[in-house]
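To keep things clear, I will list the structure first and then write my remarks on it.
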Amino acid sequence: MLETLRNAWRLQDLRKKMIYTLMIIMVFRIGAAIPVPFLLPEALAESAIMAGGTLLSYFDMLTGGALAQGSLFALGISPYITASIIMQLLQVAIPALERLAKEGEAGRKKIAKITRYATLVLSFMMASAFYVMNRNFNAVMYTQGFAGWFSMAVIIMSFAAGAMLIVWLGEAIDKRGVGNGISIILFAGIISGAPSALMMLGRFLMLAGNPGYERYYFFVPLIVIIFFVLIGAIVLMSNSERRIPVQYAKRVVGRKMYGGQSSFIPVKVMMSGVMPIIFAGALLSLPGMIRGFVNPDPEGWGHRILSWFDYTHAVYAVLYLVLIIAFNYFYVSIQYNPIQMANDLRKNNGAIPGIRPGKPTSDFIARVIGKITLVGALFIAMIAIVPIIIGAVMHLPIALGGTSIIIVVGVALDTVRSLESQMMMRHYKGFLE
Numbered sequence: 040m041l042e043t044l045r046n047a048w049r050l051q052d053l054r055k056k057m058i059y060t061l062m063i064i065m066v067f068r069i070g071a072a073i074p075v076p077f078l079l080p081e082a083l084a085e086s087a088i089m090a091g092g093t094l095l096s097y098f099d100m101l102t103g104g105a106l107a108q109g110s111l112f113a114l115g116i117s118p119y120i121t122a123s124i125i126m127q128l129l130q131v132a133i134p135a136l137e138r139l140a141k142e143g144e145a146g147r148k149k150i151a152k153i154t155r156y157a158t159l160v161l162s163f164m165m166a167s168a169f170y171v172m173n174r175n176f177n178a179v180m181y182t183q184g185f186a187g188w189f190s191m192a193v194i195i196m197s198f199a200a201g202a203m204l205i206v207w208l209g210e211a212i213d214k215r216g217v218g219n220g221i222s223i224i225l226f227a228g229i230i231s232g233a234p235s236a237l238m239m240l241g242r243f244l245m246l247a248g249n250p251g252y253e254r255y256y257f258f259v260p261l262i263v264i265i266f267f268v269l270i271g272a273i274v275l276m277s278n279s280e281r282r283i284p285v286q287y288a289k290r291v292v293g294r295k296m297y298g299g300q301s302s303f304i305p306v307k308v309m310m311s312g313v314m315p316i317i318f319a320g321a322l323l324s325l326p327g328m329i330r331g332f333v334n335p336d337p338e339g340w341g342h343r344i345l346s347w348f349d350y351t352h353a354v355y356a357v358l359y360l361v362l363i364i365a366f367n368y369f370y371v372s373i374q375y376n377p378i379q380m381a382n383d384l385r386k387n388n389g390a391i392p393g394i395r396p397g398k399p400t401s402d403f404i405a406r407v408i409g410k411i412t413l414v415g416a417l418f419i420a421m422i423a424i425v426p427i428i429i430g431a432v433m434h435l436p437i438a439l440g441g442t443s444i445i446i447v448v449g450v451a452l453d454t455v456r457s458l459e460s461q462m463m464m465r466h467y468k469g470f471l472e
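For reference, each letter of the sequence shown is one residue, going 40 to 472 in the numbering used here.
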């Protein structure tokens, strides 16, 4: 990875793209430190702790602490992610959107435009919900009379404007930078929380010197070891693939003979990357939003049901596992169409050895993709669930560790692959040496 970055830095055009991406990340981090007027950061920080690891802690992790600080980018990329989920679901349910997605670049631009409008609507909805939550936590300076209405309008519009500005920053990276813009911003937000995580582990290690806390001498090094093991496993599985062999028949065109060579169809084990875990986390954060919005009675049944969606609860872990697997299959079904792949093979005089062309080929490809998808989904779910179990056993707040590790490593690998592909297009072979 470091060798790839060094080789990419030597190319002037790629160096400009990397610098541009770093500048966008700096703008994002500066925006995450700009406070929204009429909010009390101290009360917000306390509310993030009081939330018990549900909505606020999840969004605070994705925004790199911007939510707890009551900053301009407090909503982060959550409205855009939610809008993208809705659009992908609608493409399956609505034939007009499905046809639009197949129209090439023009269709994708139209879908992106609709997604931006949906993001704007969701930004105002989520900003309104956050305003009510902050008011319930006594984090709003003015809540009565004209001053209350004016502060509400300023807070909601600031949150919504910050969310749309993040979308613009992500699209700017897509056009002039390196990698996927939204993923890079998400990566930057999570990485910015690394120092505080290290300080937390240091505090636990210092606490081990007190009577009754000696177990932290064992738990803290174990967490560090598990962290590196998970990174290695994610890198290994991200580069793993199942190769379906393909044999092309010989054909004569004029006086020349074409075909006759052997090839393969690569099927990645983690085809969907980090998207299923992001989608599942965004969906499971909705109950926390509802609890903060309605502020239910702590002794009532509504509060007990919504508490099932805390990161430390067993119900949350099970639902997280199921949703990650479901979103993994959904995302793969959008990317791969076995029938289309079988038709393309037949048009190019290609066939899988031992499998007849047509429906048998599509069924074979579907079975292979289904098995590989299950393996990848179970692996991603395991990485996400293991820290929750370890945190419950050790009584340490590391429930979000698996989610952050998968996102950070997945985005880093995708960015490196993007650099490698751009260097390959420039016929640069240095990174292969």
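Glycine included, C-beta positions come from ideal geometry on N, C-alpha and C.
Predicted model, so just to flag it, every value in this text is computed and none were measured.
Discussion item. On the criterion of 16 or more Cβ atoms from any shown chain inside 10 Å, does Ser460 qualify as buried, or is it exposed?
Written reply: Translated into positions along the sequence shown, residue 460 becomes position 421. So Ser460 counts as exposed.
Item to complete: Under 7 Å Cβ to Cβ from Ile230, same chain only, skipping five residues before and after it: list those, please.
Response: Residue numbering aside, residue 230 sits at position 191 when the sequence shown is read from its first letter. Cβ neighbours of Ile230 beyond the five flanking positions: Val447.
Worksheet entry | Every unbroken alpha helix (DSSP H) inside the segment 329-411 [4 residues or more] | 340-345, 353-374, 377-386
Worksheet entry | Extent of the continuous alpha helix (DSSP H) to which Val490 belongs | The question about residue 490 has no answer, for the chain in this structure spans 40 to 472.
Discussion item. Quick check: what's the CA-CA separation for Met276 versus Phe77?
Written reply: Indexing the sequence shown from 1 puts residue 276 at position 237. Indexing the sequence shown from 1 puts residue 77 at position 38. Going by the C-alpha atoms only, they are around 47 Å apart.
Fill in: Touching by the beta-carbon criterion (3+ pairs, under 8 Å), the segment 61-79 and the segment 172-179
yes
Item to complete: Kindly indicate which residue of Val306, Tyr359, Arg254 has the alpha-carbon position closest to the one of Ile427.
Response: Taking the sequence shown and counting its residues from 1, the one referred to as residue 427 is at position 388. Here the closest residue by C-alpha is Tyr359.
Worksheet item: First and last residue of the alpha helix (DSSP H) that includes Lys307?
Response: Position 268 of the sequence shown, counting from 1, holds the residue named residue 307. Where Lys307 is concerned, there is no enclosing alpha helix (DSSP H), although the beta strand (DSSP E) it sits in stretches over 301-307.
Discussion item. Mapping the DSSP letters down to three states, classify Arg254 as helix, strand or coil.
Written reply: Looking up residue 254 in the sequence shown gives position 215. Correct three-state label for Arg254: coil.
Worksheet item: Given that a residue counts as buried once 16 or more other Cβ atoms are within 10 Å of its Cβ, and exposed if not, what is Asp383?
Response: Counting from 1 along the sequence shown, the entry for residue 383 is found at position 344. By the neighbour-count rule (16 or more Cβ atoms within 10 Å), Asp383 is not buried but exposed.
Practice prompt. Could you tell me how far apart the beta carbons of Gly232 and Met100 are, in whole angstroms, since I believe they sit closer than 8 Å?
Written response: For the purposes of this step, residue 232 is identified with residue 193 of the sequence shown, where counting begins at 1. For the purposes of this step, residue 100 is identified with residue 61 of the sequence shown, where counting begins at 1. The Cβ separation is near 6 Å, so the contact holds.
Item to complete: In angstroms with no decimal places, state the Cα-to-Cα distance between Phe67 and Ile364.
Response: Your numbering for residue 67 matches position 28 in the sequence shown. Your numbering for residue 364 matches position 325 in the sequence shown. Whole-angstrom Cα-Cα distance: 32 Å.
Worksheet item: If we count the other Cβ atoms within 10 Å of its Cβ and call it buried at 16 or more, is Asn46 buried or exposed?
Response: Within the sequence shown, the letter at position 7 stands for residue 46. With 16 or more other Cβ atoms within 10 Å, it is buried.
Discussion item. For the pair the segment 298-317 and the segment 276-286, tell me if three or more CB-CB distances fall below 8 Å.
Written reply: yes
Worksheet entry | Pairwise C-alpha distance: Gly241 and Gly27 | No answer is possible for residue 27: the residues shown for the chain start at 40 and end at 472.
Fill in: Which of helix, strand or coil DSSP assigns to Val473
Not covered by the structure: residue 473. The range shown for the chain is 40 to 472.
Discussion item. Could you tell me the alpha carbon to alpha carbon distance between Val407 and Ile424, rounded to whole angstroms?
Written reply: The residue given as residue 407 occupies position 368 in the sequence shown. The residue given as residue 424 occupies position 385 in the sequence shown. Between Val407 and Ile424, the C-alpha separation is close to 26 Å.
Practice prompt. Could you tell me the distance, in whole angstroms, from the CA atom of Gly449 to the CA atom of Val313?
Written response: Translated into positions along the sequence shown, residue 449 becomes position 410. Translated into positions along the sequence shown, residue 313 becomes position 274. In a straight line, the C-alpha of Gly449 is about 6 Å away from that of Val313.
Discussion item. Considering only the alpha carbon of each residue, which of Val432, Pro326, Ile195 lies closest to Ile262?
Written reply: The residue given as residue 262 occupies position 223 in the sequence shown. Here the closest residue by C-alpha is Val432.
Worksheet item: Any heavy atom of the ligand SAH closer than 7 Å to the Cβ of Phe98?
Response: As presented, the structure is devoid of all ligands, the ligand SAH included, so that no description of it is given.
Worksheet item: In the DSSP assignment, what are the bridge partners of Val425?
Response: Residue numbering aside, residue 425 sits at position 386 when the sequence shown is read from its first letter. Paired residues: none, contrary to the question.
Item to complete: Identify, in the order they occur along the chain, each residue of the same chain with its Cβ nearer than 7 Å to the Cβ of Thr43, setting aside the five sequence neighbours on each side.
Response: Reading the sequence shown from its first residue, position 4 is the one you call residue 43. Cβ neighbours of Thr43 beyond the five flanking positions: Val455, Leu458, Glu459, Phe470.
Discussion item. Taking the beta carbon of Pro250 as the centre, do at least 16 other beta carbons fall within 10 Å, making it buried, or is it exposed?
Written reply: By 1-based counting over the sequence shown, the position of residue 250 is 211. Exposed, since its Cβ has fewer than 16 Cβ neighbours within 10 Å.
Worksheet item: By Cβ distance below 8 Å, which residues in the same chain neighbour Leu417 in space, the five residues on each side in sequence not counted?
Response: Residue mapping note: residue 417 aligns to position 378 of the sequence shown, counting from 1. Cβ within range, chain order: Ile364.
Worksheet entry | Sequence-distant residues of the same chain with beta carbon closer than 6 Å to Ser473, five excluded per side | Nothing can be reported for residue 473: it is not among the residues displayed for the chain, which extend from 40 to 472.
Practice prompt. Kindly indicate which three-state DSSP category Ser311 falls into: helix, strand or coil?
Written response: Mapped onto the sequence shown, residue 311 falls at position 272. Looking at Ser311 - three-state DSSP - the assignment turns out to be coil, as it is neither helix nor strand.
Fill in: Cβ pair Ala227, Gly103 closer than 8 Å
Walking along the sequence shown from the start, residue 227 turns up at place 188. Walking along the sequence shown from the start, residue 103 turns up at place 64. It is a contact, given that the beta carbons lie within the stated cut-off.
Discussion item. Once DSSP output is grouped into helix, strand and coil, what is the label at Gln286?
Written reply: Translated into the one-based positions of the sequence shown, residue 286 becomes position 247. Three-state result, Gln286: strand.
Worksheet item: Going by the beta-carbon positions, is the gap between Glu210 and Gly220 smaller than 8 Å?
Response: Taking the first residue of the sequence shown as 1, we reach residue 210 at position 171. Taking the first residue of the sequence shown as 1, we reach residue 220 at position 181. Contact flag set, yes.
Worksheet item: For Leu159 versus Met126, is the C-beta distance shorter than 8 Å?
Response: For the purposes of this step, residue 159 is identified with residue 120 of the sequence shown, where counting begins at 1. For the purposes of this step, residue 126 is identified with residue 87 of the sequence shown, where counting begins at 1. No, the pair does not count as a contact, with Cβ atoms beyond the cut-off.
Worksheet item: What is the rounded straight-line gap between the Cα of Thr400 and the Cα of Gly393?
Response: The residue you call residue 400 lines up with position 361 of the sequence shown. The residue you call residue 393 lines up with position 354 of the sequence shown. C-alpha separation (whole angstroms): 10 Å.
Item to complete: Look up Val179 in the DSSP assignment and give the residues it is bridged to.
Response: Along the sequence shown, one-based indexing puts residue 179 at 140. DSSP lists Leu78 as partners of Val179.
Discussion item. Measuring straight from C-alpha to C-alpha, what distance separates Glu253 and Gln130?
Written reply: The sequence position of residue 253 within the sequence shown is 214, counting from 1. The sequence position of residue 130 within the sequence shown is 91, counting from 1. When rounded, the distance between both Cα atoms is 55 Å.
Item to complete: In the DSSP assignment, find the alpha helix (DSSP H) that holds Gln130 and state where it starts and stops.
Response: Taking the first residue of the sequence shown as 1, we reach residue 130 at position 91. Its alpha helix (DSSP H) spans residues 117-132.
Discussion item. Assuming Ile12 and Met380 are in contact, meaning their beta carbons sit under 8 Å apart, how far apart are those beta carbons, in whole angstroms?
Written reply: Missing from the structure shown is residue 12; the chain here goes from 40 to 472 and no further.
Worksheet entry | Ile63 to Leu225 span [Cα, whole Å] | To locate residue 63, count along the sequence shown from 1; it is residue 24. To locate residue 225, count along the sequence shown from 1; it is residue 186. Between Ile63 and Leu225, the C-alpha separation is close to 12 Å.
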